[in-house]
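Engineer: Let me give you the structure first, and then I'll get to my questions.
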Amino acid sequence: MMFSKVEKCRICGSSELTKYLDLGIMPLANSYVDPKSNEKENAFPLEVVLCSNCSLSMLSIIVSPEAMFSNYVYHSSISRTFQNHCLEMAIGVKERLGGKDGLFVLDIASNDGCLLREFRKKGFKVLGVDPAKNLAEKANKEGIATIPEFWQESVALEIIKKHGKADAITATNVFAHVDDVHGFLGNVLLALSDEGVLIIEAPYALNLIKHSEFDTIYHEHLSYFLVKPLKMLFEMNGMELRDVEEYNIHGGSIRLFATKKGNTSFAANPENIKAFLELESREKLYSAGAYFEFASKLLDIKIELLSLLSRLHKEGKMVAGYGASAKGNTMLNYCGISSDFVEFIVDETPEKQNMLYAGNHIPIYPASELEKRKPEYILILAWNFAKEIIEKTAKHQERSGKYIVPIPKMRVLSGAEEL
Ligand code: TMP
Ligand code: ZN
């Protein structure tokens, strides 16, 4: 399995890249290990650099996408919180597009059809594209037409031929995975109607830096976006950023609306865009200092989590993890935690169950394991869904079980009201 080194900024082309974070050599966060297999695990450097010209943060290397996305075990639909977010997005986008029925929405990296399902309910004509064959098959079975391919020119051309151009193209939680962002937008321009809108949603790097969400850094996430570099990217590709909104999902995400240049049919909100740029500037995110400060805080998180877990271990308390998410894997591997401190992890994703977490090899089970083993503490690794997970584990609370939420700061909680 191969990786390549990043020599230039993927947005502006500058080669002035400053390394500000080194998380060591890490396995692929979403590659679960079959306990029966003796295949060697791959591990790669995990470092982040900052472009001094456009302020894009990016990984210093790129692992081949085929290795990461062809069989993808992340099912968006497992989280109720995310499903609700998708429903609200469909309602919001319909309103923005004038409330008409029958508009064509194309979702790039449509996963198991989580977002398109909601668009369809709201009267849109829907089509998905996703390279994970397992997920595309699941969506197709549900009647959500999904092309099992990476987003590329041939796919865009095939779509135009069969379905015409899209009124809206959505790309949620995928843009950070893309190396050739210019090529991606070029293909969007092909498939988007002249009055259409591109809607990108991605975790906001401001939250990563301000709330120490370092565990959202893993090999799949090639870029960590601010509004400034994305605005620049749109302008370089004959597009215009029209509006930006912020949402709580995934530790804080931005939703950007962009159109072809000169398309005035979509209401713009320049004041909003200006406010985001001013905020980024005020938080000093256009120079390296803030990033080094962020990197220096991570050791404190590691020390705090390890101290807590070692104390619980000495007291004979059992700790289990909830949510075998990719970010949880960064957290555990960075802190050097294995089944000595966290005995097992539960996750509702069928493909993750009875597998081992990459690197640390902690076993993963269905949620029912909590009732069998009754740990005293649940470490919420999918902290972005902490509320949902706490609400789901009422029995754990009935026996006075506690929760550990490590991000944005270490907290030990008894219930959701303390969040
Ligand atoms: P994420 O943090 O990358 O979105 O991953 C969340 C993981 O947690 C994913 O593997 C699914 C799992 N999960 C459950 O098993 N049950 C739940 O209720 C939620 C919210 C997540
Ligand atoms: Zn740049």
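Position 230 of the sequence shown, counting from 1, maps to 229 under numbering that gives the first Met the number 0, and the rest follow consecutively. The beta carbon of each residue, even a glycine, is placed where N, CA and C say it ideally should be. Being a predicted model, the structure only gives us computed values, none of them experimental.
#1: Cβ of S13 within 7 angstroms of any heavy atom in the ligand ZN?
#2: Starting from R116, trace the beta strand (DSSP E) in both directions and tell me its first and last residue.
#3: Is G322 near the ligand TMP, judged by its Cβ being under 7 angstroms from some heavy atom?
#4: I need the straight-line Cα distance from G250 to T215, nearest angstrom please.
#5: Count the other CB atoms within 10 Å of the CB of I377; is the residue buried (16 or more) or exposed (fewer)?
#6: Taking 7 angstroms as the cut-off, is the C-beta of A381 nearer than that to any heavy atom in the ligand TMP?
#7: Would you list the residues sitting across from D21 in a DSSP beta bridge?
#8: Hey, A138 and G127 are a contact pair by Cβ (cut 8 angstroms); roughly how many whole angstroms apart?
#9: Taking the CB atoms as reference points, tell me whether L2 and I60 lie closer together than 8 angstroms.
#10: Does the distance from the C-beta atom of L105 to that of A175 stay below 8 angstroms?
#11: Which residues mark the beginning and the end of the alpha helix (DSSP H) in which G185 is found?
#12: Would A170 be called buried (16 or more neighbouring beta carbons within 10 Å of its own) or exposed?
#13: Say the cut is 7 angstroms; is the CB of K386 nearer than that to a heavy atom of the ligand TMP?
#14: Look at the Cβ atom of K124, then the Cβ atom of G98, and state whether they are nearer than 8 angstroms.
#15: Look at the alpha carbon of E292 and the alpha carbon of L221, and state the distance between them as a whole number of angstroms.
#16: Against chain D, does R372 count as a neighbour if the rule is that its beta carbon must be under 8 angstroms from one of theirs?
#17: Since E245 sits in a beta bridge, which residues does DSSP pair it with?
#18: For T258, list the residues DSSP reports as bridge partners.
#19: Would you kindly check if the distance between the Cβ of I143 and the Cβ of G182 is under 8 angstroms?
#20: So, helix, strand or coil for K316, using DSSP?
#21: How many angstroms separate the CA atom of P423 from the CA atom of K161?
#22: For the 8 angstroms Cβ check, are there 3 or more pairs between the region 254-265 and the region 202-216?
#23: From what residue to what residue does the alpha helix (DSSP H) around G127 run?
#24: How would you call A167, buried or exposed, if buried means at least 16 neighbouring beta carbons within 10 angstroms?
#25: Which residue comes first and which comes last in the beta strand (DSSP E) that contains R494?
#26: If we count the other Cβ atoms within 10 Å of its Cβ and call it buried at 16 or more, is C39 buried or exposed?
Structural biologist: This is what the structure holds:
#1: Locating residue 13 in the sequence shown gives position 14, where the first residue counts as 1. Yes, Cβ of S13 sits closer than 7 angstroms to a heavy atom of the ligand ZN.
#2: The count along the sequence shown starts at 1 and reaches residue 116 at position 117. Run containing R116: none in the beta strand (DSSP E); it sits in the alpha helix (DSSP H), C113 to K120.
#3: Counting from 1 along the sequence shown, the entry for residue 322 is found at position 323. Placement of the Cβ of G322 at a distance of less than 7 angstroms from at least one heavy atom of the ligand TMP is found.
#4: Locating residue 250 in the sequence shown gives position 251, where the first residue counts as 1. Locating residue 215 in the sequence shown gives position 216, where the first residue counts as 1. If I take the Cα positions, the gap works out to 9 angstroms.
#5: Locating residue 377 in the sequence shown gives position 378, where the first residue counts as 1. Counting Cβ neighbours within 10 Å, I377 comes out buried, since at least 16 surround it.
#6: Counted from its first residue, the sequence shown places residue 381 at position 382. Yes, the beta carbon of A381 sits closer than 7 angstroms to at least one heavy atom of the ligand TMP.
#7: Against the sequence shown, residue 21 aligns to sequence position 22. DSSP, once it has assigned bridges, lists E46 as partnering D21.
#8: In the sequence shown, counting from the first residue as 1, residue 138 sits at position 139. In the sequence shown, counting from the first residue as 1, residue 127 sits at position 128. Contact flag correct, Cβ pair sits at about 6 angstroms.
#9: For this step, residue 2 is matched to residue 3 along the sequence shown. For this step, residue 60 is matched to residue 61 along the sequence shown. For clarity, residue 2 is Phe in the given sequence; the question names Leu instead. Yes, the Cβ-Cβ distance between F2 and I60 is below 8 angstroms.
#10: Along the sequence shown, one-based indexing puts residue 105 at 106. Along the sequence shown, one-based indexing puts residue 175 at 176. Contact annotation: L105 and A175 have beta-carbon atoms that are not nearer than 8 angstroms.
#11: Along the sequence shown, read from residue 1 onward, the residue named residue 185 stands at position 186. Taken as a continuous stretch (DSSP letters only), the alpha helix (DSSP H) holding G185 covers V180 to A190.
#12: Walking along the sequence shown from the start, residue 170 turns up at place 171. Result: buried.
#13: What you label residue 386 is simply residue 387 of the sequence shown in a count that begins at 1. K386 Cβ: outside cutoff for every heavy atom of the ligand TMP.
#14: Working through the sequence shown from its first residue, we reach residue 124 at position 125. Working through the sequence shown from its first residue, we reach residue 98 at position 99. Cβ atoms of K124 and G98: not closer than 8 angstroms.
#15: As a working note, residue 292 is residue 293 in the sequence shown. As a working note, residue 221 is residue 222 in the sequence shown. If you take the alpha carbons of E292 and L221, they lie about 21 angstroms apart.
#16: Any reference to chain D falls outside this structure, which holds one protein chain only.
#17: Here residue 245 is taken as the residue at index 246 of the sequence shown, counted from 1. Bridge partners of E245: I253.
#18: Position 259 of the sequence shown holds residue 258. T258 is bridged by DSSP to V196 and E239.
#19: On the sequence shown, residue 182 is found 183 positions in, with the first residue counted as 1. On the sequence shown, residue 143 is found 144 positions in, with the first residue counted as 1. For G182 and I143, no; Cβs fall outside 8 angstroms.
#20: For this step, residue 316 is matched to residue 317 along the sequence shown. DSSP places K316 in the coil class of the three-state scheme, outside both helix and strand.
#21: Absent from the structure is residue 423, since the part of the chain shown begins at 0 and ends at 418.
#22: no
#23: For the purposes of this step, residue 127 is taken as residue 128 along the sequence shown, with counting starting at 1. Where G127 is concerned, there is no enclosing alpha helix (DSSP H), although the beta strand (DSSP E) it sits in stretches over K124 to V128.
#24: Residue mapping note: residue 167 aligns to position 168 of the sequence shown, counting from 1. Using a 10 angstroms sphere on the CB of A167, the tally of other CB atoms reaches 16 or more, which defines it as buried.
#25: In the structure as shown, the chain starts at 0 and stops at 418, and residue 494 therefore has no counterpart that could be examined.
#26: If you number the sequence shown from 1, residue 39 lands on position 40. A quick correction: the sequence has Lys, not Cys, at residue 39. Exposed is the label assigned to K39, since fewer than 16 other Cβ atoms lie within 10 Å of its Cβ.
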